[in-house]
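Here is the structure we will look at, set down as structure tokens.
Residue numbers (our numbering): 29 to 455.
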């Protein structure tokens, strides 16, 4: 009797395994069909762009130019495989802002495509390693909030939790400032405030973590205290608390020059973090004060004729220096947005608008098909590493200069949107 029962149980288990395989196979077919349908739908929505109308606003002309050059967003910077990168995150956020303004679904689909190429269905970020403690990797997470809000796909939430966990364990200097990367110990760079700050602030707001805003404000205030030149009000690119780096001043720990884009990152971080900073938080007024002082400090270094800023901000006439696109686009965005939100004086509107005109009149090249190209972008600059970057004047002005760098095209879109908002308001 027992043998009969055992045989029946075994037969039943075999039958269940067979049915499971059948059900699984059918489910896979349905998933594959659904995936192909979504892919086809996206392909239809994102048909090849042949030409771009000059009647469109600058924000759309740049967004469409990016889309024309790159079938998928991850292909920016000539990539052939997807990579989780702060530059791609910046462009994705910028194009998502174009979608919010135009409500044209093709911009949403294109921006969303980057996240879907990089984040698996279970929320794992392709190629991301938390133990690198690279604060740059936080930046692409900013636009996942909006994707999750619209799509309600849990993979975006899981990815955001992963990035927030990195912030929790990010190494810090003795003053509480985030290291830029694990391989750059004791160092705070201006760039890092933009890479981590806006994501950290929005996460804190959406999760009711009021106490986190103390920590967010501290990051800005530390660099105001340790990286700001008291005489001209500008900020040095990097601060090494240990003073062990060759590029660091042995008395102050500071790098030797005022690099425009680094200051631009810090300025964009300020104005974007304020989007989420509680009105009643005691440090909100400190951030607005820092923003005001910084805008006053950079204004004298804007070229009076072109409206552009130079690669090394305070040495515009020195041989080898040049008027640079990415930093100028960032300052234009910050000024125009800050005026709109009432953080700074109205006088800065004309300064920010002049910077935008400088870009369109002097650094934008338009192809016959309407595609626009942003020239004179510094490709990259950093401190230390291998080969070693000493932060010297010659180092900064001799880094590669290229067109359509995402660190320029992204802020150009954001600045254009701000200018268009103000123009639409006066119509």
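Every residue gets a Cβ at the ideal spot worked out from N, C-alpha and C, and that includes glycine.
Residue 408 counts as exposed, since fewer than 16 other beta carbons sit within 10 angstroms of its beta carbon. Just so you know, the alpha carbons of residue 361 and residue 442 end up roughly 6 Å apart. A Cβ-Cβ separation of about 6 Å places residue 387 in contact with residue 356 under the 8 Å criterion. Beyond the five residues adjoining it in sequence on each side, residue 423 comes within less than 8 Å, by CB distance, of 409, 417 in the same chain, given in chain order. Each of 161, 181, 395, 197 was checked against the Cα of residue 96, and the nearest Cα belongs to 395. For residue 452, the secondary structure class from DSSP, reduced to helix, strand or coil, is helix.
Of the candidates 180, 254, 167, the residue whose Cα lies closest to the Cα of residue 219 is 167.
Looking at the DSSP output, residue 167 shares a beta bridge with no other residue.
Shown here, residue 397 sits in coil according to DSSP, grouped into three states, outside any helix or strand. DSSP, read as helix, strand or coil, puts residue 207 in coil. Between the region 222-231 and the region 285-300, the count of Cβ pairs shorter than 8 Å is three or higher; the stretches touch. Contact holds between the region 433-441 and the region 114-121, because three or more Cβ pairs, one in each stretch, are under 8 Å apart.
Counting the other Cβ atoms within 10 Å of the Cβ of residue 259 gives fewer than 16, which makes it exposed. Under the DSSP assignment, residue 268 falls in the beta strand (DSSP E) whose first and last residues are 266-268. According to the DSSP assignment, residue 215 belongs to no alpha helix (DSSP H) but to the beta strand (DSSP E) extending over 215-217. Looking at the DSSP output, residue 340 bridges to 287. For residue 104, the closest alpha carbon among the candidates 451, 433, 448, 449 is that of 433.
Segment contact: the region 256-271 against the region 377-392, fewer than three CB-CB distances shorter than 8 Å; contact not assigned. Taking all protein chains in view, the Cβ of residue 214 is crowded by 16 or more other Cβ atoms within 10 Å, so the residue is classified as buried.
It is roughly 17 Å from the alpha-carbon of residue 351 to the alpha-carbon of residue 381. As the crow flies, the alpha-carbon of residue 185 is around 17 Å from that of residue 157.
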